[in-house]
Each structure stands twice: as C-alpha cells, then as structure tokens.
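Asks: Residue numbers (the working numbering), protein chains in the order written: chain A, 607 to 883; chain B, 1114 to 1401. Idealized CB from N, CA, C, for every residue including glycine. The structure displayed is predicted, hence computed values, not measured ones.
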Amino acid sequence: MSMIDAPREIIMGMPRARAVSLTRWAIILAAAAALEIYGRFFADPAFIRPVSAIVGAWFNPVMSDERIFWALSMAVFEIAVAYALSIVFGAAIGISIGVSNFARASFLPIVLLLYAIPQVTLMPLFILIFGLGAAGKIAFGFTHGIFPIIVNVVAGMRDINPLHRSAIASMGGARADLLRHVIAPNMAPAFFTGLRLSMTLTMLGVILAELYVSTGGIGYFTRLYAENFNPAPLFALIGTLALIAVLFNSLVRVAERRLTPGARAPAKLGLSGAKSK
Amino acid sequence: MSEAATAIGAGATAAGLAPAISIRGVTQRFGAVGAAQGVLALDDISLDIAPGEFVCLLGPSGCGKSTLLNIIGGLFKPTSGEVTVAGKRVDGAPRPDEIAFVFQESTLFPWYTIIENFRIALKFQGVPKSERDDLAMDALKAVGMGGFARHYPTQLSVGMRQRVNMARGICVRTNILLMDEPFAALDEQSRMVLGEDLSTLLAKTGKTIVFVTHSLAEAVFLSDRIVVMTARPGRVKTIVNVNERHPRAPDFMLEPRFGEMRNELFALLRDEIRRAMALQRDADGGGA
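1) State the DSSP-derived secondary structure class of Pro-730 of chain A, mapped to helix, strand or coil.
2) Can you tell me the Cα-Cα spacing of Gly-1187 of chain B and Ile-813 of chain A, whole angstroms?
3) Can you list, in chain order, the residues of its chain whose CB lies under 8 Å from that of Arg-1137 of chain B, leaving out five sequence neighbours each side?
4) When DSSP labels each residue in this structure, what does Ala-1163 of chain B get in the three-state scheme?
5) Might you give, ordered along the chain, the residues of its own chain that have their beta carbon closer than 7 Å to the beta carbon of Thr-1313 of chain B, omitting 5 neighbours on each side?
6) Mind listing which residues of the region 781-808 of chain A have their C-beta closer than 8 Å to chain B's C-betas, in chain order?
7) Mind listing which residues of the region 679-709 of chain A have their C-beta closer than 7 Å to chain B's C-betas, in chain order?
8) Does Ile-755 of chain A come out as helix, strand or coil in the three-state DSSP assignment?
9) Going along the region 758-775 of chain A in order, which residues come within less than 7 Å of chain B, judged by CB to CB distance?
10) Note down, in chain order, each residue of its chain lying with its Cβ closer than 6 Å to the Cβ of Ala-761 of chain A, except the 5 sequence neighbours on either side.
11) Given that Pro-621 of chain A touches chain B, what residues does it touch there, using C-beta distances under 8 Å?
12) Please confirm whether Pro-656 of chain A has its beta-carbon closer than 7 Å to some beta-carbon of chain B.
13) Determine which residues of the region 1161-1188 of chain B have a Cβ less than 9 Å from any Cβ of chain A, and write them out in chain order.
14) Residues of chain A with a CB under 9 Å from the CB of Pro-1209 of chain B: which are they?
15) May I ask you to report which of helix, strand or coil DSSP gives Gly-737 of chain A?
16) Between which two residues does the beta strand (DSSP E) carrying Glu-1195 of chain B extend?
17) Please confirm if Ala-1380 of chain B has its CB atom under 7 Å from at least one CB of chain A.
18) In terms of residues, what are the limits of the alpha helix (DSSP H) holding Gly-1089 of chain B?
19) Which chain A residues are close to Gln-1141 of chain B, counting only those with a beta carbon under 8 Å from its beta carbon?
20) Evaluate the contact criterion for the region 1230-1243 of chain B versus the region 776-788 of chain A: three or more CB pairs, one atom per stretch, below 8 Å.
21) Determine the chain A residues that contact Ala-1234 of chain B at a beta-carbon separation under 7 Å, and present them in chain order.
22) Between the C-alpha atoms of Phe-713 of chain A and Ala-698 of chain A, what's the straight-line distance to the nearest angstrom?
23) Kindly indicate if chain B contains any beta-carbon less than 7 Å away from that of Gly-868 of chain A.
24) Give the residues from the region 1286-1311 of chain B that approach chain A closer than 7 Å (Cβ to any Cβ), ordered along the chain.
25) What are the start and end residues of the beta strand (DSSP E) that includes Leu-1290 of chain B?
26) Using a Cβ cut-off of 9 Å, pull out every chain A residue sitting near Gln-1217 of chain B, in sequence order please.
27) Check whether the Cβ atoms of Ala-677 of chain A and Gly-823 of chain A lie closer than 7 Å to each other.
28) Since Thr-1326 of chain B meets chain A, which of its residues come closer than 7 Å, beta carbon to beta carbon?
29) For a cutoff of 7 Å on Cβ pairs, would you count Thr-1220 of chain B as touching chain A?
30) Measuring CB to CB, does Phe-1143 of chain B end up less than 7 Å from Ala-1154 of chain B?
31) Among the residues of its own chain, which have a CB less than 6 Å from the CB of Ile-617 of chain A, if the five just before and after it don't count?
32) In angstroms, rounded to a whole number, what distance separates the CA positions of Val-661 of chain A and Leu-803 of chain A?
33) With a 10 Å radius around its C-beta and 16 neighbouring C-beta atoms as the bar for buried, classify Thr-828 of chain A as buried or exposed.
34) Please state the DSSP three-state secondary structure of Ala-1120 of chain B.
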C-alpha cells in the first residue's frame, strides 16, 4: 500500500540517512583539506590562501571590524526588506493575474517578458533613480525577487482539479470557500517554490547592486580585499555571505514544510535521505 | 412518463407519491445555435424519479449523462426546460440541503485529512460543529474506514479513497444523492465490492439516487431503473426496469436474468456507441 514507508536500506553498515550525511561531510572536509594543502604549499598567497588562514581572517578582521559587521548587517537588512516587498507585491499581483483567464491571458505574457530581461543591464538606471544608498539595493533585489513569486502564484492558481471546484459548488460553498478550501491550499506548493526561487534571486539582486556601487557596504569591502590581493578576508567575507544565503534558504524550507497543508511534502532534493513523511 | 409510476424503489412505494426529482423538457446546448462549434448535448429530456429510487443513466461517451446530472444538481442551468426537486425548481443553483454529489475519488481534498474533508462537507450542510465529528466517524465506520480518519487521502489506496468519498456523500443528510461515475477510476474487482457495499448502505438510508455509469454490469446490479440514452444529442432511448430488492447480494450477478438484462442493454447501446464513435471521428477529422 502506498502509505507504508519504504524499508530502511542499510549502506556501509548503517542506516541510509546516516551514510548520506556522513558522505556529505566527508566531501566537504576533503575539499577543505585539498584547499588547505594547495594554499599552504603551492599557491601564490596573493590569490589563494589555505583554509586555516581564511578561518583566521573570519575572526579578524571580518567579525572583529565593526565596519564589516555593520556592512553585513546592512546587506541582511536590504535582503530582508527586498524579500518582504517581493512576497507581498508578488503574491498580490500573482493573485490578481491568476484569478481569471482573461487577466492571465492579458498580463502573464508581459510579466514573462519582463522576467526574461537581464536586469544587470538596467543597474545604472536604478542607481540614478534610487541613489547610492540602501534604497537602490533594495529596489534591485525587489525587481529580481518579485517575478518568480508572480509566475508561481499564477501557475498554482491555474492547476485546479475541476472536481474540487464542483465539489465546493455542489456542497453549497461560496466563492470565498473556494478560495479558502481549494485555491489557496492548492497553490501552496507552487507558492513556496516561488518563495525559494525568489530568495535566491533577491540575494543575487542585492549583492549585485552592492558589488556595483557601494561606499561602505559589503561590496566596498570585497573590492577592497580583491584589489589589495588579500584573499583571506575576501574568502571569509564571501563565505559569510554564503552562510547567510544558506540560513535564509533554510528559513524558507522550514516554513514550507510547516505550512504546506496535507501530505504533500515539498521536494526535498534528497536532503533528508530515506526519511519519508 | 408512465414508467415512473410503475417503478418500485427500495423501501418506497412510488405510486401516488410526488416524484423526488422531476425533469421536464430539459435541453442543453453548448455554444450558439447554428455555430460551427455549437453542440446539442441534451434534447428534450423528461423523466420522473420516485423517492427512494435508484436510477442509472447509461449511455455512450459524450451523450450528456454527466451534463444531465449536473443540471439536476444545479451546477448549471439548462438552455431550456426545468428540473424540480422536492417541489422546488432547481434553477442553476446547488441545493446542498436536498442534494449531495459523489464524484470520482479524486474529489477528496488532498490537503485535508479524511476527517477534515468530512467536516467541510458537514459545515456547508449547516451541521453544528459539535456533531460533525460524530457523524463523520459513524459514516467512516459504516464503510470500514474508521481507523483512517487522520490519514491524508494520498496515503490511502484508490479503493479506500472511494469508500471514504462515498461515505462523505452519504453522511450529509440529503434525500438525494447524485453519483457521477464514482467508480470509474477503480479496477473491476474493487468496483464490484464497492457496488455491493453501496447497495447495502443505501438500502438503510432510503435515499433517492441518480447514478451515471459506463458499466453495464454496474447499472444492472445497482439500479431499480436504467435510463438508456442515445448518442449525442442525448435523448431517452428506453427505460429498463430491474425488479430486485435492495440490498443486493453478489449472487444476483450469477442469476441468468442478470446476464440477460446486461445483454439486452448492450444490444440497445451498441448502435448508439457506434454512432457516438463516428461522431467523435468526424469531430477529430474536422479539427485536423
């Protein structure tokens, strides 16, 4: 029967899930070790430093320099605001477009066209309009983040089982009931897919804008270290950004797992091994 | 319709009683009159269904069986003609107090547990919150699914899901149950077992049922009357009576008259099926 979990596999003398996580850590450690050896004995220190030096640089200067810490906090703030705006406006626009066939046919092609534009080409325009401060970065993150949400909300509203529609109607449900009991829960998985894609793109937008124009943000520091051939703090800074990205993504994943109604566990990319819900 | 007066439903004496469902001259046309894509789906259907009667609508694909069912249920308004349920005209508006639908098993909302699916139906029915769970559990136990109330539909097999879905339709206390090919997604064996269960359950409730199916055996096994419809445009070709008391046991299927009735139905339908297929072919050819 479909409800019964797949039998637990044993790999390398342990449950599959543990073998998977062990392998994962082994790959990371092996890569770090290779980088350490290469950085220590072979590389030009102007370009590559060993992992130990990067970790050292993370404590000092990245974490100890107040200006860098402030720049990182600023980036997190910009991402958070851009993301929040993307979600609110993306969902609102997506629902307005998805609510009728007419609106979808009229507006969606335009949205897809805008989505396809490589926005980096428009960056100077953003700087001109929003200035050099946080507003420009937020705006650029927002225009990146909003599209996947719109597109996925529209897609989620579209794929409705006509029987569910008939069921609500025949049971005497009103339009609001259709929205609450069918359209919204049906849309949830697509919406969360949109949220995850949007998270990645919002960060991309903000960081791109940071790198392009920054008078004291993380973009300024990455350029400072790169142009002074000081790769240890540069890598430490980039690593921190990556960590922030992972953190944001985990947040969305937790929300997704918690809030997706029903036994429709979202795609897990194999991250939790053989555990099935 | 003189047949209506002679048909005896399970537990109901039709003679002298007002019909539970009265269909008068129902015609349904999709698209404009004379338009290239316009289709006459139902042509002047009239039929009376007695309280407690089990009526099957049988016909080739595309003959408008489901359309007729949806019109009876008020899911949409016919082009002309009228349907009266319990003395009140159904005018393209659902009557959840009188009529419940059972569709295919995929109608259960996959994002709700089984019990939550029941709660919604009962809530729309106006059943007070405190009574909903009891009613739902009774209905689930009646179909042997009491242990699965907190499961999600996708965690059940197709047969189990349809059992639950049927129970949901029956537990809302309407007098009329409209079933639109409820067993279509099931394999032959599950169909037979579920059909038997349905017969047992319904014999207790005394509901009036209109059941749409493709299956000849299902029609004979379940119905008091079988309305055989023509290929498009759907008309009532003939009505076959099945005189057998409910609940029906599988033994009924082994009786010679069961096979005879099925063969008779097939003979009636064969030409219609060929016509329906030819229509389909023409439509496909015209579109290519």
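Replies: On the basis of the coordinates in this document:
1) helix
2) 56 Å
3) Ser-1159, Gly-1194, Glu-1195, Val-1196 and Thr-1197
4) coil
5) Pro-1360
6) Asp-783, His-787, Val-788, Pro-791, Asn-792 and Ala-794
7) none
8) helix
9) Asn-767, Leu-769, His-770, Ser-772, Ala-773 and Ala-775
10) Ala-796
11) Near Pro-621 of chain A there are no residues of chain B at all, since even the closest Cβ is about 23 Å away, more than 8 Å.
12) no
13) Asn-1183, Gly-1186, Gly-1187 and Leu-1188
14) Ser-776, Met-777, Gly-778 and Gly-779
15) coil
16) 1193-1198
17) no
18) One cannot answer for residue 1089 of chain B here, as it falls past the ends of chain B, which runs 1114 to 1401.
19) Within 8 Å Cβ-Cβ: nothing; Gln-1141 of chain B doesn't reach chain A, min ~16 Å.
20) yes
21) Met-777
22) 14 Å
23) yes
24) none
25) 1289-1293
26) Leu-769
27) yes
28) Those within 7 Å of Thr-1326 of chain B in chain A number zero; the least Cβ separation is about 17 Å.
29) yes
30) yes
31) Ala-625
32) 30 Å
33) buried
34) With a pLDDT of only 40 at Ala-1120 of chain B, under 50, the local geometry of the prediction cannot be trusted, and no value is derived from it.
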